[in-house]
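J.: Residue numbering for the sequence shown follows our numbering, beginning at 11 and increasing consecutively. Glycine is no exception: its CB is placed at the ideal position from the N, C-alpha and C atoms. This structure is a prediction, so every number in the text was calculated from the model and none was measured.
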Amino acid sequence: MATQDRSSQKLPQAAKPAAEGEPHLPMGRELTEAHRFAYAALCGVSLAQLFPEPEQRPFCTEFVAGLVKWLDLSEAVLPTMTAFASGLGGEGADMFAQILLKDPILKDDPLMITQDLLSFSLKDGRYDARARVLVCHVTSLLRVPLEELDLLEETFLESLKESKEEESETAEASRKKKENRRKWKRYLLIGLATVGGGTVIGVTGGLAAPLVAAGAATIIGSAGAAALGSVAGIAVMTSLFGAAGAGLTGYKMKKRVGAIEEFTFLPLSEGRQLHITIAITGWLASGKYRTFSAPWAALARSREQYCLAWEAKYLMELGNALETILSGLANMVAQEALKYTVLSGIVAALTWPASLLSVANVIDNPWGVCLHRSAEVGKHLAHILLSRQQGRRPVTLIGFSLGARVIYFCLQEMAQEKALGLALSVLFATPGPGLSTHEVPDTCQQLIR
């Protein structure tokens, strides 16, 4: 993610507001029919290239079918687009991209396609990880820097936080009545933990508040603004960001599940974004790295990042054992070096460090306990993500050592539920050459997009 000041960057071109009573149309419909065909074909061919597995076929065909309708293309082109999404089209993505770039509207502002595709991907209140991969891919093919997509997503969220719909007195009264009925149910769902540690979006009218249609047109196009700047928009945004916007911070209230004694999400950043990152620490140590957030101080994968605090007691015991072993190794190396000096006779009379002789006793128990608990934590993390506590947004998982093991078991659990389109990317930070694709089951690989 770009770290530069974005306030001076170019904002997406504003869509022309529709006249009063005139329906808002997707920005993609402003293109000629030939260029709308190229737009849909570009997405179809790209989907086939990005997701060639048979398990991904339903998503690809459903996506292009929706896009054909979104662009108001004739139903006669649907079989062609379905064929493209099924793998017929070869290397045609670049060709369709070049056709689009010749359109007078797109020549100076190709970000319009990214803007429209993002709006289409979000229209149902979810942001599938595969949809975001496609948006990134198409954006690159149109020679638009991916930083522009980040800016587009961030500006989209800023408009949601700052905007409120101007309601008529009747609409406002109706809304307040419905809110009062939902009030206690909402409190039961998210609890006081959310009020204390989460962003109380549902109560304050932040992210879940509907858009001002005219202002939102700048960000997501006229049709997207028309959809979100309505009562339905509240449901859309609640779906995107989780119950009442509490997200993962609202899960702090659950302290013990089964054998797990600690499982809490801690925010690493204060921002909000359409995709999130969860970092998982593998052990704790004394000093600088005694907290879960310390290893991730420089992490800049997303504006909305969390670290998972899990089983601190046992991870600290493991860290202490590792420090004992490292200290023993340092002593051993020093003694080996002394053997080549005038003190070699004295050193020969010394015994091996006791900590190394009993290394199995030092490490076995904490390691075994943490191995077992990391598997349980991974399965529980999968259940949290499957329950959409984070909303319907793609998730990036990053972990090292036992944190990587947590992710591994999380993926295994999600694979059993066939949870495609949830994990955007995964990074295992392990010693040695790392995990090859052959070591990760195919069922798990299909989850990562």
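1) Which first and last residues belong to the beta strand (DSSP E) in which residue 275 is found?
2) Threshold first: 3 residues or longer. Then list the beta strand (DSSP E) segments lying entirely within the region 400–434, N to C.
3) Helix, strand or coil, according to DSSP, for residue 283 in the structure here?
4) Curious, which full-length alpha helix (DSSP H) runs of at least 4 residues does the region 82–160 contain?
5) Looking at the secondary structure, which residues open and close the alpha helix (DSSP H) in which residue 318 lies?
6) Going by beta-carbon coordinates alone, are residue 392 and residue 415 separated by less than 9 Å?
7) Pull up the CB-CB distance for residue 312 and residue 286, whole angstroms please, since I reckon it's below 8 Å.
8) If contact is defined by three or more beta carbon pairs under 8 Å, each pair taking one atom from either stretch, is the region 111–118 in contact with the region 83–91?
9) Residue 438 bridges to which residues according to DSSP?
10) Is residue 307 helix, strand or coil when you go by DSSP?
11) Would residue 56 pass as a contact of residue 147 if the rule is Cβ separation under 9 Å?
12) Can you check which of these residues, 300, 37 and 73, is closest to residue 139 by C-alpha distance?
13) To which residues of the same chain is residue 298 closer than 8 Å at the C-beta, ignoring the five residues directly before and after it?
14) Round the Cβ separation of residue 273 and residue 316 to the nearest angstrom and send it over; I've been treating them as touching at under 8 Å.
15) If you drop the 5 nearest sequence neighbours on each side, which residues of the same chain put their C-beta closer than 6 Å to that of residue 419?
16) Taking residue 151 as the reference, give the member of 329, 62, 120 and 130 with the closest Cα.
17) For residue 77, which residues in the same chain have their Cβ closer than 7 Å to its Cβ, ignoring the five residues on either side in sequence?
18) Check each candidate in 437, 396 and 404 and name the one with the smallest Cα separation from residue 428.
19) Residues in its own chain within less than 7 Å of residue 437 by CB, not counting five upstream and five downstream?
T.: Here's the rundown:
1) Looking at the DSSP string, the run of the beta strand (DSSP E) that includes residue 275 is 273–277.
2) 405–410
3) coil
4) 88–95, 103–111, 114–117, 121–132 and 139–151
5) Run containing residue 318: none in the alpha helix (DSSP H); it sits in the beta strand (DSSP E), 315–320.
6) No.
7) 6 Å
8) no
9) 409
10) coil
11) yes
12) 73
13) 304
14) Not quite, the Cβ-Cβ distance comes to about 12 Å (not below 8 Å), so this is no contact.
15) 385, 388 and 389
16) 120
17) 50, 53 and 130
18) 396
19) Closer than 7 Å at Cβ, skipping near neighbours: 408.
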